[in-house]
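Here UniProt numbering is used: the first residue of the sequence shown is 1, the next is one more, and so on.
Here the structure is laid out as structure tokens; the discussion comes afterwards.
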Amino acid sequence: MGATIIDGKAFAAKVREKVATHVARLVDEHGITPGLAVVLVGEDPASQVYVRSKGKATTEAGMKSVEHRLDPSTSEADLLALIRDLNADETIHGILVQLPLPKHLDEDLVINSIDPAKDVDGFHISNVGLLGTGQKSMVPCTPLGCLMMLREHLGSLSGLNAVVIGRSNIVGKPMAQLLLGDSCTVTIAHSRTKDLPGVVRGADIVVAAVGRPEMVPGDWIKPGATVIDVGINRVDGDAGKTRLVGDCYYASCEKVAGAITPVPGGVGPMTIACLLANTVTACCRSHGLAEPEGLTA
Ligand SMILES: Nc1nc(=O)c2c([nH]1)NC[C@@H]1CN(c3ccc(C(=O)N[C@@H](CCC(=O)O)C(=O)O)cc3)C=[N+]21
């Protein structure tokens, strides 16, 4: 038997196509090109790869892409000054500061200095508060991508039991808010949760976002449940190579779940697609134009 594989890569391609169509309309009918600025402080090789693929996807969708690569020793004042400039730049509709930042920089301070209207990561306290109260906001890309895949696969989520494993500000908490918004009964589980296997076994929807390679085995999964694996963990593989695995043990979960997202090719590509979607959304809102349909929560 085996679970339906939710193909995030294919779904992301569709989202990106929708984004590109909307961008073309903005350019043709309004003379507006949405612009995304990505700020990377330091030289973490994995981060550089993400920044590059984000830039490529942005250009491919017909948008303007700007990258700022700053020295790892960049001062907080200099970073804040750059953000101030980007906030004031009318050609920039989305600003993403790649996390984590080097330890000498105050992440909360930096994120909250971004104009909330340009905060395409949805990490600014204003957007967090708006999401939590069910108001129009910028929604964090990874949870938004997960929600889109869940709706596509399940249709209505109303009344389903959802367990989110992980309580981070960037995935777990906003994911829980979105699931609640779609009328799920939501449990946020974490490292201190009592009887985690038992809690997960009650779930129709499992979103694993802890960053622990293969920690969720198939015998925690309720037969037929939908499993969204947010983890992207690089582990040692065969012949001295590395490979990517999720937070779920795919081989055993796949046998029990009704549907599951693979790693790679699941949530990751959707995150990037949603970043583009959020940039178009931010651009439309800033110009008082109709938002693209199906690209927001
Ligand atoms: N402010 C901020 N916003 C972010 O959204 C953000 C960030 N900081 N810091 C770093 C993480 C990481 N991240 C990924 C996005 C897509 C893939 C992705 O598409 N991964 C591919 C695999 C890529 C590979 O092969 O290495 C996949 O899952 O199929 C991975 C990682 C966004 N991040």
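Note that CB positions come from ideal geometry on N, CA and C, so glycine has one too.
Residue i beta carbon near ligand 1 (any heavy atom closer than 7 Å)
{"i": "L101", "result": "no"}
{"i": "I272", "result": "yes"}
{"i": "Q48", "result": "no"}
{"i": "D121", "result": "yes"}
{"i": "I92", "result": "no"}
{"i": "G231", "result": "no"}
{"i": "I166", "result": "According to the sequence as given, residue 166 is Gly; it is not Ile. Because no heavy atom of ligand 1 lies under 7 Å away, the Cβ of G166 does not count as near it: no."}
{"i": "V263", "result": "yes"}
{"i": "L244", "result": "yes"}
{"i": "V128", "result": "no"}
{"i": "Q177", "result": "no"}
{"i": "C141", "result": "yes"}
Short Cβ contact (8 Å threshold) for residue i with residue j
{"i": "E291", "j": "R285", "result": "yes"}
{"i": "C274", "j": "C141", "result": "yes"}
{"i": "I32", "j": "C253", "result": "no"}
{"i": "I228", "j": "V267", "result": "yes"}
{"i": "L178", "j": "A297", "result": "yes"}
{"i": "D247", "j": "V210", "result": "yes"}
{"i": "S65", "j": "T59", "result": "yes"}
{"i": "T226", "j": "L154", "result": "yes"}
{"i": "L289", "j": "V15", "result": "no"}
{"i": "N278", "j": "M138", "result": "yes"}
Residue of the options minimising C-alpha distance to residue i
{"i": "L157", "options": "G122, D195, A203", "result": "A203"}
{"i": "P34", "options": "D85, K255, V120", "result": "V120"}
{"i": "F11", "options": "P262, S113, I111", "result": "P262"}
{"i": "N161", "options": "D7, H190, V206", "result": "V206"}
{"i": "A88", "options": "P213, P143, A117, E29", "result": "A117"}
{"i": "residue 298", "options": "G134, V139, L80, I92", "result": "With the chain running from 1 to 297 in the structure shown, residue 298 is simply not present."}
{"i": "L99", "options": "G288, A251, D44", "result": "D44"}
{"i": "G218", "options": "D238, A257, V199", "result": "A257"}
{"i": "A259", "options": "D85, L150, L289, P143", "result": "L150"}
{"i": "A176", "options": "L144, D238, H30", "result": "L144"}
Cβ separation of residue i and residue j, assumed to be a contact under 8 Å, to the nearest whole Å
{"i": "I165", "j": "V245", "result": "So it is not a contact: roughly 15 Å between Cβ atoms."}
{"i": "R167", "j": "I188", "result": "5 Å"}
{"i": "L101", "j": "I95", "result": "Wrong, their Cβ atoms sit about 14 Å apart, outside the cutoff."}
Within 8 Å, do at least three Cβ pairs link the region 105-113 to the region 224-242? no
Do the region 60-78 and the region 116-128 touch if we need at least three Cβ pairs shorter than 8 Å? no
Across the region 170-185 and the region 27-44, are there enough close Cβ pairs to call them in contact, namely three or more that are closer than 8 Å? no
Counting pairs of beta carbons, one from the region 45-53 and one from the region 10-25, are three or more of them closer than 8 Å? no
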